[in-house]
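Numbering (this note's numbering), first residue to last: 196 to 300. All C-beta atoms, glycine included, are put in the ideal place defined by N, C-alpha and C. This one's a predicted model, so the numbers in the text were calculated from it and none came from an experiment.
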């Protein structure tokens, strides 16, 4: 197990369900506790190819989810004061949104 992979497991974006997925894959209950050391991970055999790939896969997904949640929260904050106006589009029953200039900037 290389230091890089230890860093993958120490990412703050790993949620409980990510740890559960890793635990199921490895067949060991893993939790981010002080007892989960680099030595312990090596003793559990997490230094093999398939396990390292799983760590990278779950960590990469967790990072993407974290960025998505962060960006969504930021957009919600920025867009809360923005008002949109709906204008009927001809007699089609459809509407056009007006006032999107602030959002597009």
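- CA-CA distance, residue 290 to residue 213, rounds to 42 Å.
- Counting every other CB atom within 10 Å of its CB across the protein chains shown gives residue 241 a total of 16 or more, marking it as buried.
- C-alpha of residue 216 to C-alpha of residue 258: approximately 15 Å in a straight line.
- Closest by C-alpha distance to residue 279, out of 254, 270, 293 and 219, is 293.
- Distance from residue 247 to residue 227 at the Cβ level is roughly 18 Å; contact not present, criterion being Cβ atoms closer than 8 Å.
- Per the coordinates, the alpha-carbon of residue 222 lies some 17 Å from the alpha-carbon of residue 251.
- Residue pairing for residue 255: DSSP places it in no beta bridge.
- In terms of Cβ geometry, residue 249 and residue 207 do not form a close pair [threshold 7 Å].
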